[in-house]
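Structure, as structure tokens:
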Amino acid sequence: MYTILLVDDEPLICRGLSSLLQASGLGIGTILTASNGQEALDYLRLEEVDLIVTDIQMGTMNGIELMHQAKIMKPWVETIVVSAHETFQYAQTAMRLGAKDYLIKPLNNEQFLDTVRNVLLQMEKPEKRTDDLLSSLRANFQMESPSELKDVLLNRLLEAEPGEAAALSEELRSRCGVALEGPYFAAFRMKLELGEAAPKDRELLRYAALNIVSELLAGEWKHQAFYSGAGELCALIEWSDEAYEETNVNKIDQLEYIGRSLHFHIEKYLQKQSFVGISQILQGLAFLPTVGLQAARALRWREEHPDHRVFYYGDYKWGSREDGSGAEEGLAQSNGIVEQARKYIEENYAKKGITLNEVAHSNHVSPNYLSYLFKKYMGCNLWEYVIRLRMEESKRLLETTDLRRYEIADRVGYESPEHFSKIFKKYYGISPSDWKK
């Protein structure tokens, strides 16, 4: 059963779409409604949402911004955009962010339900056991050996000595027809945990993983995906000057979105544990060996954090760890990050629109790493902590002041009194007005 989140600042539209979906027989378990992007983000943080249906123009956070935030928080959540605007720029941006369709109001009911049906069919979760999965792969996957020469040259390029990158890049172009133009590059290294699988099955699973990576990146990213060592894959991604200079996209968020998407889809379809190491984005062919080394180092960080899955090189103070500093130094660094985040949240929790990304950027770490550390050391996820502070303050205001519900909602960071009441009741099991009584 699926959970669908409807986001529109016109309540009649939310009610109409909700009724339409409830009567559709599409196997929908829960339908949530939000009147703006901030409410929608709260639901994404607190619920397991499968599909978002969102308007574009909505108050302080529009549908495009909501899609940006949703992709960073949960890259696997699908989106359908419903808009009164036929503007090509909106449609182009929405589709680039992964929207499955861009529908124009007033909606054709059958077209809308067909779109939802197709999206839900595509996200069917595999329920096969590993043995059944391997049998299916053996029967349906015809392995075509990747170009060994291309793999060899790409690996040599990412492990080259200073000054060798240009010559190796030219050899790759002349012998394999692969032109690395960049000028910006990042590397992603993926480690598959294949357990006791037989050698032939290991090769089949690795080949299937390579296909998953290639299909996931195709279209949106200029990339090369290839084998890199036993049980490892690598993806080298390029950005042109124009793509890199997009001002509305934070590059760390973009890297994390790609890394988490790779990890999620490999584990979803192959049911094998995987780890992803991500380099920084560097400019110029000469730095290809550097991004290769960074991704390899980031991947090795799983040895200290075996319960984490996606590692970004820029999250760690490598210099201090490589000069002989041990686990105590690493623990102190982690505690420092969590403490700074906690302090920032306590000073800003009542700010409307505060996000995990904002807290992470203030701390100079990726949202994924901050989220992992915060839960590990605080015992709750970061947004649960924000809600705890908001609810404790709203309870205090209810008990000690004569402020009205909308005034309290505004003081603790909620744009909508109705949304504030929903969160309060979910947290305390009683509405603000009943608590006041």
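According to the UniProt record's numbering, the stretch in the sequence shown is residues 1 to 437, in order. For every residue, glycine included, the Cβ atom is placed at its ideal position computed from N, Cα and C.
Bounding residues of the beta strand (DSSP E) (the contiguous stretch that carries residue i)
i      : result
Val249 : Taken as a continuous stretch (DSSP letters only), Val249 belongs to no beta strand (DSSP E), as it is neither H nor E.
Ser83  : Glu78 to Ser83
Lys191 : Tyr184 to Leu192
Gln224 : Lys222 to Tyr227
Ala34  : Ile28 to Ala34
Val276 : Ser274 to Ile278
Spatially closest choice to residue i from the options, by CA coordinates
i      : options                           : result
Leu158 : Leu288, Lys352 and Gly277         : Leu288
Ser174 : Ile337, Ala160, Ala70 and Leu153  : Leu153
Leu293 : Lys395, Phe188 and Trp221         : Phe188
Leu260 : Leu236, His308 and Arg300         : One detail in the question is off: residue 260 reads as Arg in this sequence, not Leu. Here the closest residue by C-alpha is His308.
Gly177 : Ser147, Arg202 and Glu242         : Ser147
Trp76  : Leu216, Asp241 and Ile408         : Leu216
Thr54  : Ile80, Leu204, Pro306 and Trp221  : Ile80
Thr33  : Pro11, Leu20, Leu26 and Gly27     : Pro11
Lys317 : Pro106, Ala298, Arg96 and Glu303  : Ala298
Arg302 : Asn381, Ser274 and Ala286         : Ser274
Leu44  : Leu21, Gln69 and Phe226           : Gln69
Ala332 : Leu97, Tyr377 and Ser433          : Tyr377
His263 : Tyr312, Ala166, Gln283 and Ala167 : Tyr312
Gly336 : Val310, His364 and Tyr349         : His364
Leu57  : Glu78, Ser35 and Lys74            : The amino acid at residue 57 is misidentified as Leu; the sequence shows Gln. Comparing Cα-Cα distances from Gln57 to each of Glu78, Ser35 and Lys74, the minimum goes to Ser35.
Gly284 : Glu164, Glu329, Asp315 and Gln22  : Glu164
Leu97  : Val119, Gly29, Glu65 and Tyr244   : Glu65
Gly182 : Leu192, Tyr227, Lys200 and Glu238 : Glu238
Lys351 : Lys150, Leu21 and Ile408          : Ile408
His223 : Ile31, Ala179 and Thr355          : Ala179
Glu384 : Ser433, Asp101 and Tyr349         : Tyr349
Asp253 : Lys71, Asn62, Gly27 and Gln22     : Lys71
Val119 : Glu78, His305 and Leu236          : Glu78
Leu192 : Tyr227, Ala166 and His305         : Tyr227
Glu86  : Met73, Leu107 and Glu203          : Leu107
Leu403 : Lys436, Lys422 and Lys375         : Lys436
Local conformation of residue i per DSSP, three classes
i           : result
Gly341      : The displayed chain sequence assigns Ala, not Gly, to residue 341. Here Ala341 sits in helix by DSSP.
His308      : coil
Asp101      : strand
Lys128      : Reliability of the predicted coordinates at Lys128 is poor, the pLDDT of 47 falling under 50, and no value is obtained from them.
Gln294      : helix
residue 482 : Since the first residue shown for the chain is 1 and the last is 437, residue 482 is missing from the structure and cannot be characterised.
Ser18       : helix
Tyr2        : strand
Glu196      : coil
Ala235      : strand
Val7        : strand
Gln254      : helix
Asp323      : Confidence at Asp323 is low in this model, with a pLDDT of 49, below 50, so its placement is unreliable and no value can be given for it.
Thr115      : helix
Ile52       : strand
Gln271      : coil
Leu282      : strand
Tyr316      : coil
Gly336      : helix
Asn62       : coil
Gln57       : coil
Gly259      : helix
Asn108      : coil
Leu205      : helix
Met73       : helix
Leu217      : helix
Met67       : helix
Any non-hydrogen atom of the ligand ATP within 7 Å of residue i CB
i      : result
Ala230 : Absence of the ligand ATP from the depicted structure is noted, as is the absence of any ligand whatsoever, leaving it without description.
Endpoints, the alpha helix (DSSP H) within which residue i is located
i      : result
Thr93  : Phe88 to Arg96
Val152 : Glu148 to Leu158
Leu46  : Gly37 to Leu46
Ala165 : Ala165 to Cys176
Ala243 : Asp241 to Tyr244
ask   = Pairing CB atoms from the stretch 335–355 with CB atoms from the stretch 368–375, are three or more of them under 8 Å?
value = Three or more pairs of CB atoms, one per stretch, sit closer than 8 Å, so the stretch 335–355 contacts the stretch 368–375.
query = Just checking, does the stretch 2–16 make contact with the stretch 44–53 on the three C-beta pairs under 8 Å criterion?
reply = Below 8 Å, enough C-beta pairs join the stretch 2–16 and the stretch 44–53 to call them touching: three or more.
query = Is it a yes or a no for the stretch 403–417 touching the stretch 32–40, going by three-plus beta-carbon pairs under 8 Å?
reply = Output reads yes: the stretch 32–40 touches the stretch 403–417.
query = Just checking, does the stretch 263–272 make contact with the stretch 199–215 on the three C-beta pairs under 8 Å criterion?
reply = In short, these stretches touch, since the Cβ pair count reaches three.
message = My parser needs the alpha helix (DSSP H) runs of 4 or more residues fully inside the UniProt domain "HTH araC/xylS-type" (339–437); what are they?
response = The UniProt domain "HTH araC/xylS-type" (339–437) contains, as complete alpha helix (DSSP H) runs of 4+ residues, the segments 356–363, 367–378, 382–400, 405–411, 417–428 and 432–436 (chain order).
task = Determine contact between the stretch 85–92 and the stretch 106–121, defined as no fewer than three beta-carbon pairs at a distance below 8 Å.
result = Here the stretch 85–92 does not lie against the stretch 106–121, with fewer than 3 beta-carbon pairs under 8 Å apart.
inquiry  = Under 8 Å: do the stretch 421–436 and the stretch 386–398 share three or more Cβ pairs, one atom per stretch?
reply    = Counting Cβ pairs under 8 Å, three or more are found: they touch.
message = Taking 8 Å as the cut-off, does the stretch 273–287 touch the stretch 181–195 (at least 3 CB pairs, one atom from each stretch)?
response = The stretch 181–195 makes contact with the stretch 273–287: 3 or more CB pairs, one atom from each, lie closer than 8 Å.
request  = Determine contact between the stretch 389–407 and the stretch 352–361, defined as no fewer than three beta-carbon pairs at a distance below 8 Å.
outcome  = Two segments are said to touch when three or more pairs of C-beta atoms, one from each, lie closer than 8 Å; by this definition the stretch 389–407 does not touch the stretch 352–361.
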